[in-house]
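Scroll down for the structure; my scribbles are underneath it.
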Amino acid sequence: MNVDANLLGEFENLLNPAFPEKSGILPEILGYGEISTTFSMAAMRDVAFKRMPPFGNPDQITAYIKAVRTYCALLRDVCGIRVSDYAFYEFFNRHEEHILYVAQPRLPQGTIGHNVLKSGTRQQLETMISTIMERIMRLFKFNHENRQKESIGLDGQLSNWSFQFSGENNVDPVYFDITTPLYRVNGKEQLDTEIFLKSCPSFLVWLVRWQFLDEVLDRYHDVRMILIDMVANFHKEGREDLIENALLIINSYLKKENLDKKIQILEKSEIDSYYKNDAFIWALFLTLRRFDRFVKTKIFRQRYNFILPGKISR
Ligand SMILES: Nc1ncnc2c1ncn2[C@@H]1O[C@H](COP(=O)(O)OP(=O)(O)O)[C@@H](O)[C@H]1O
Ligand SMILES: [Mg+2]
15 MNVDANLLGE
25 FENLLNPAFP
35 EKSGILPEIL
45 GYGEISTTFS
55 MAAMRDVAFK
65 RMPPFGNPDQ
75 ITAYIKAVRT
85 YCALLRDVCG
95 IRVSDYAFYE
105 FFNRHEEHIL
115 YVAQPRLPQG
125 TIGHNVLKSG
135 TRQQLETMIS
145 TIMERIMRLF
155 KFNHENRQKE
165 SIGLDGQLSN
175 WSFQFSGENN
185 VDPVYFDITT
195 PLYRVNGKEQ
205 LDTEIFLKSC
215 PSFLVWLVRW
225 QFLDEVLDRY
235 HDVRMILIDM
245 VANFHKEGRE
255 DLIENALLII
265 NSYLKKENLD
275 KKIQILEKSE
285 IDSYYKNDAF
295 IWALFLTLRR
305 FDRFVKTKIF
315 RQRYNFILPG
325 KISR
């Protein structure tokens, strides 16, 4: 991974987060997640960057970096997950803000799970689901054995994995969604989730605390919820037709491994109702953030420090 740190610093100083297309150095948006935006730039085409919400003080950055490192090591060593390389870059920008970027090798667009889902073969879909299942079940075993002492969380959605197939059945996916490192020690999330509240207008803090911090983070530690969330996103990718097939693979895996006593098999109806609720909450959240951006930039002419997703089709 070839990162020119000076150029990245220059990018930061010329960045217009509210209107990225008006920045001095143009970012090429690679993907929008729920919280952050991943982009690349012409001078470093093989790198993907994630700009983190501004941190309050250097200790928070140090703690955050440590959380990411520990989390990636757990995914690798406990769950046998191949985790993408990453590197951190910090700057004080011209507004004296302490900004952290996470850089990763840029993975080919066509290998990202949701793109494979759109255009891949049925066999590839089955391979994706069963390789993810294997890895999630190692996580389940670890969390189950450690009970409340230690717990690893994971966002298993296909859009967080890169699949470079060698043959239709053979793939060792790379997991790259590492900027929300989720693991708990004695029930306490090690990530300081308050940093995410900073990216959020004050009138939304209640919504995020309520939905994101409690319910949403819990669900990434609960294997059944991880699976429901992964499959529910087939709706978002316009592949509802594949949901039954995915459930068949997941449920027969659970039965085969005798896990269906511990993890109840999944029903199509709960996938659908979960998706409705989830899509509604995130769409509302995004709409309110856009409204906040509008008020800050157009009415009060203030600086707005976050790159928001464009339209997400649901
Ligand atoms: N290293 C990467 N290479 C290529 N595309 C990426 C990379 N990282 C993220 N993306 C794209 O950006 C999207 C969101 O990134 P992700 O890491 O999942 O962050 P989030 O926490 O916002 O979900 C991904 O679904 C993918 O399309
Ligand atoms: Mg993601």
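Per this note's numbering, residue 15 is the first one in the sequence shown, and the count goes up by one each step.
For each residue, glycine too, the CB sits at the ideal point set by N, CA and C.
Check: If you check the beta carbons only, do Y318 and R307 fall under 8 Å apart?
Finding: yes
Note to self: Quick check on S266: buried or exposed, where buried means 16 or more other Cβ atoms within 10 Å of its Cβ?
What the structure shows: exposed
Next item on the list: Select from L205, S98, L139 the residue whose C-alpha is nearest the C-alpha of V245.
Entry: L139
Note to self: I'd like to check one pair, Y115 with F63: are the Cβ atoms closer than 8 Å?
What the structure shows: yes
Check: Would you report the Cα separation of S327 and K250, rounded to the nearest angstrom?
Finding: Interpretation of S327 is limited by its pLDDT of 45, a score under 50 that renders its predicted location unreliable; no figure is taken from the coordinates.
Next item on the list: Within the same chain, show all residues whose beta-carbon is closer than 6 Å to that of L121, passing over the 5 residues directly before and after it, in chain order.
Entry: S176
Item checked: Straight-line gap, G70 to T76 (C-alpha atoms, nearest Å) -> 11 Å
Margin query: Considering only their Cβ atoms, is the gap separating I150 from L273 smaller than 8 Å?
Written below: no
Item checked: Nearest neighbour of V17, chosen from E35, V61, S37 [CA to CA] -> V61
Item checked: Integer-rounded CB distance, given that T194 should sit under 8 Å from L205 -> 7 Å
Note to self: Tell me which residue opens and which closes the beta strand (DSSP E) that F63 is part of.
What the structure shows: 58–65
Check: Is the number of C-beta pairs between the stretch 101–114 and the stretch 179–195 that are closer than 8 Å three or more?
Finding: no
Note to self: Which of the three DSSP states is assigned to L114 in this structure?
What the structure shows: strand
Notebook entry, point to check: Hey, would you say L196 sits closer than 8 Å to Y288, going by beta carbons?
Noted result: no
Check: Which one of L280, S144, L131 has the shortest CA to CA distance from R238?
Finding: L280
Margin query: Quick check: does the Cβ of T145 come within less than 7 Å of any heavy atom belonging to ligand 1?
Written below: no
Checklist line | Cβ-based burial, A117 [other Cβ within 10 Å; buried from 16] | finding: buried
Next item on the list: With a 10 Å radius around its C-beta and 16 neighbouring C-beta atoms as the bar for buried, classify L29 as buried or exposed.
Entry: buried
Note to self: Tell me whether F320, by its Cβ, gets closer than 7 Å to a heavy atom of ligand 1.
What the structure shows: no
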